[in-house]
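K.L.:
Let me give you the structure first, and then I'll get to my questions.
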């Protein structure tokens, strides 16, 4: 049986498209008979940066569940919206608050980038690859770039056939990775 | 007269070495007759990620002063500790919460990286350069890498002569940039 | 009077679009009353990698002129086609064969990326920025991304108004940089 | 039985340390019972950039053997010396001249960086990871950084115990990747 996949919706912005894309991936995993679960950064505690980082890492009740899942999971799909030419600061802060090295060493990740503009999160995913590799997590070569996401989604579904094809290929490759 | 420099101490970690390095730069600027002011990310509000980003950007009283300075300043020196192979998530979140594009377009930045290990924040500064350039801020070519910072500081001073020389060169170049 | 600009056409591929784009920039510089000259990597000697690098750097007659210009020039516009997700290897090899540090320290560069696909050379320009900064050259924040270049050029002219606008803005900013 | 590993010595510089490091890895592979073969970029034809790239890719007799191996191999260990803050231009030019996509899709790579300075090829390996991932090759998370290589080698052997340990770990992980 295939490993359960954890899908990280990489922003705490309300009503984020990232969460919709996370659900789209969850549907694809389900269609292929693989269990997945979404870790939604909207659930980060309000006082996250003060009470759940550095010497406080691990003490915040509101982080216990997410940290446990990131420690136990083996495969992670990161949905990465592009904010100011890279990933959301909150996504990196989330990583900074996890359990080291158990959340990362020898694990596997796949990345999907979203942008309203034409870049599709290329640099965001390059930066995140550097970080994940540094932490010991292997990154799937194929990174899906969903540029112009606003024009390519409707009612929570991706309307661009190429994008759906790329997602399908990536999921297949990730399950074999 | 030279422009006032804003020095961003790039982490909210308590008792951070970054803040000490920020003070060292402030002393160098002062010695050269240039005014500077430290913006310390330890002063970010506890509920920063919930109440000062996205649709809430600009509404939080505790951010008004920092946002105003980042908007009005022309030259920024970023002190960037290396966390997990890049900059602290909190530093990028701080950037995500600023006023666009007025905080960035046509401005100038210099970067200094700190690490306890041997990397000296090389990737952190590469990533931050991508972000600042994307936002419209020019970055000084010389980036100072303070690797092994723990062994090279004592009582708030840098004890490594080469490091002090590099800082001095960088400051001179930044004042002319 | 404004400094003369050297425009590097960043590939030795025959009939490269990069050379056409170099000429377009030259026209823009001329219209603004600024002298420029194209350094075309198609002129690299055939035996460049064997006879003009490392211990042979500086000995090849066919490189004398290009090396002299890169040493004496102060401002460089790099036209960077995207090959395999980054810049052409030949462009980096050209850099590896220049005079250090005189070709780089304290100089200024602007970058324009070309791609047939949607990426517009984003990663190519990020990598090149790292290299130029490492060598001591400041890079203009605004990097022009000419994605889908095949569909946006005709008879040596760019037919996309936005692209022409971006080039114009970049040139103005570069002249003031 | 384990796949044969191809070790790319990433420069055509004569008497390069990279080739020595390639041999060190070959010894480690042999000790672990795994066949490997070195592809030495010193063997690139002198007229490589003129006669073996773009429309000439595949026609040069002197490249036939190397291109065939890169097409047939499944696992590649890249030895990457740091030149001007990144990999050698010649290494990227070599990649630009390979068979696409058959040399890359679904394959696996491990990277080791060398530098005389303190950086250990960090940016070189970050850039190369971007390129390999773009081309469809998965990159092992652990990248070995051999900084200050001049002081840490003698008679073709690495004298730094930590470096030898890191190489050993990397090889074990790569064989299981």
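Residue numbers (the numbering used here), protein chains in the order written: chain A, 58 to 234; chain H, 58 to 234; chain P, 58 to 234; chain E, 58 to 234. Yeah, the Cβ is synthetic: ideal placement off N, Cα and C, and Gly gets one too.
#1: Please check the pair residue 185 of chain P and residue 151 of chain P, which I expect to be a contact at CB under 8 Å, by giving their CB distance rounded to whole angstroms.
#2: On the criterion of 16 or more Cβ atoms from any shown chain inside 10 Å, does residue 249 of chain H qualify as buried, or is it exposed?
#3: Against chain E, with Cβ distances strictly below 9 Å, would residue 201 of chain H count as a contact?
#4: Name the DSSP bridge partner or partners of residue 169 of chain H?
#5: Would you list the one or two residues that DSSP bridges to residue 243 of chain H?
#6: For residue 94 of chain A, which residues does DSSP report across the bridge?
#7: Taking a cut of 9 Å between CB atoms, which residues from the region 162–189 of chain E lie near chain H?
#8: Counting C-beta neighbours from all protein chains within 10 Å, is the total for residue 68 of chain A 16 or more, i.e. buried, or is it exposed?
#9: Let me know if residue 170 of chain A comes out buried or exposed under the rule of 16 or more other beta-carbons within 10 Å of its beta-carbon.
#10: Is it buried or exposed for residue 194 of chain A, if we count other Cβ within 10 angstroms and need 16 for buried?
#11: What does residue 204 of chain E touch in chain H if you count any residue whose Cβ is under 7 Å from its own?
#12: Does any residue of chain E have a CB that is nearer than 9 Å to the CB of residue 234 of chain A?
#13: With a threshold of 6 Å on Cβ separation, who are the neighbours of residue 161 of chain H within its own chain once the five nearest residues in sequence on each side are excluded?
#14: Taking all protein chains shown into account, decide if residue 139 of chain P is buried (16 or more other Cβ within 10 angstroms of its Cβ) or exposed.
#15: Would you verify that the beta carbon of residue 29 of chain A is, or is not, closer than 9 Å to some beta carbon of chain E?
#16: May I ask you to verify whether the region 99–117 of chain H touches the region 206–223 of chain A, counting CB pairs closer than 8 Å and requiring at least 3?
#17: Give the DSSP-derived three-state secondary structure of residue 80 of chain A in the structure shown.
#18: Could you pull the DSSP bridge partners for residue 196 of chain E from this structure?
#19: Please return the same chain residues whose Cβ sits closer than 7 Å to the Cβ of residue 230 of chain P, not counting the five positions on each side in sequence.
#20: Looking at chain A, is there any beta carbon in it that lies within less than 9 Å of the beta carbon of residue 213 of chain H?
#21: Going by alpha carbons, who is nearest to residue 141 of chain H out of A/136, A/141 and A/148?
#22: Is it true that the CB of residue 132 of chain A sits closer than 9 Å to the CB of residue 164 of chain A?
#23: Comparing the C-beta of residue 197 of chain P with each C-beta of chain H, is any distance below 9 Å?
#24: Could you say which of H/87, H/188 and H/103 lies nearest to residue 71 of chain H if we only look at CA atoms?
#25: Are the Cβ atoms of residue 78 of chain H and residue 232 of chain H separated by less than 9 Å?
#26: Given a threshold of 16 other Cβ atoms within 10 Å of its Cβ, counted over all protein chains shown, does residue 158 of chain A qualify as buried or as exposed?
#27: Kindly indicate which three-state DSSP category residue 160 of chain E falls into: helix, strand or coil?
#28: So what does residue 143 of chain P bridge to, in DSSP terms?
#29: Please tell me whether residue 230 of chain P has its Cβ less than 9 Å away from any Cβ of chain H.
#30: Give the single residue among H/214, H/227, H/219 and H/218 whose Cα lies nearest to the Cα of residue 74 of chain H.
#31: Helix or strand or just coil, what does DSSP make of residue 155 of chain P?
#32: Using the beta-carbon of each residue, which ones in chain P are nearer than 7 Å to residue 141 of chain E?
#33: Which residue from H/92, H/124 and H/178 puts its Cα closest to that of residue 100 of chain H?
#34: Is residue 183 of chain A near residue 173 of chain P, with beta carbons less than 9 Å apart?
#35: Find the nearest neighbour of residue 126 of chain A within the set A/62, A/87, A/225 and A/234, judged by alpha-carbon distance.
#36: Whole angstroms is fine: what's the gap from residue 190 of chain P's alpha carbon to residue 188 of chain H's?
P.N.:
Reading off the structure:
#1: In this structure residue 185 of chain P does not touch residue 151 of chain P by the C-beta definition: roughly 12 Å separates them, more than the 8 Å allowed.
#2: The requested residue 249 of chain H does not occur in the structure, where chain H is confined to residues 58 to 234.
#3: No, because no Cβ of chain E sits closer than 9 Å to the Cβ of residue 201 of chain H.
#4: Looking at the DSSP assignment, residue 169 of chain H forms a beta bridge with H/136 and H/201.
#5: Look at the range of chain H in this structure, 58 to 234, and you will see that residue 243 of chain H is not part of it.
#6: Residue 94 of chain A pairs with A/63.
#7: Per Cβ criterion, the list reads 175, 176, 177, 179, 180 and 183.
#8: It counts as buried.
#9: So residue 170 of chain A ends up on the buried side.
#10: Counting Cβ neighbours within 10 Å, residue 194 of chain A comes out buried, since at least 16 surround it.
#11: 175, listed in chain order.
#12: The beta carbon of residue 234 of chain A falls within 9 Å of a beta carbon belonging to chain E, placing the residue at that interface.
#13: The beta carbon of residue 161 of chain H lies closer than 6 Å to those of 192, 193 and 194 in the same chain, with the five residues before and after it left out.
#14: Residue 139 of chain P is buried by the Cβ-count criterion.
#15: In this structure chain A extends from 58 to 234, so residue 29 of chain A is not present and cannot be described.
#16: Taking a cut-off of 8 Å on C-beta distances, the region 99–117 of chain H does not touch the region 206–223 of chain A, as fewer than three cross pairs fall below it.
#17: If DSSP states are grouped into helix, strand and coil, residue 80 of chain A belongs with the helices.
#18: Under the DSSP definition of a beta bridge, residue 196 of chain E partners with A/196 and E/166.
#19: Result list for residue 230 of chain P: 197 and 199, in chain order.
#20: Residue 213 of chain H does not count as touching chain A.
#21: Residue 141 of chain H has its Cα closest to that of A/148, out of A/136, A/141 and A/148.
#22: Closer than 9 Å, so yes.
#23: The beta carbon of residue 197 of chain P falls within 9 Å of a beta carbon belonging to chain H, placing the residue at that interface.
#24: Cα-wise, what sits closest to residue 71 of chain H is H/103.
#25: Going by beta carbons, residue 78 of chain H and residue 232 of chain H fall outside the 9 Å limit.
#26: Exposed: under 16 other Cβ atoms inside 10 Å.
#27: Coil at residue 160 of chain E, not helix or strand.
#28: Looking at the DSSP output, residue 143 of chain P sits in a beta bridge with P/140.
#29: By this cut-off, residue 230 of chain P is an interface position.
#30: Of H/214, H/227, H/219 and H/218, the residue nearest in Cα terms is H/214.
#31: Here residue 155 of chain P carries a coil assignment [DSSP, helix/strand/coil].
#32: What residue 141 of chain E touches in chain P: 152, 153, 188, 191 and 192.
#33: Looking at the Cα atoms, H/124 is the closest of the given residues.
#34: Their beta carbons are not under 9 Å apart, which means residue 183 of chain A does not touch residue 173 of chain P by this criterion.
#35: Nearest option by C-alpha distance: A/62.
#36: Distance between the alpha carbons of residue 190 of chain P and residue 188 of chain H is about 15 Å.
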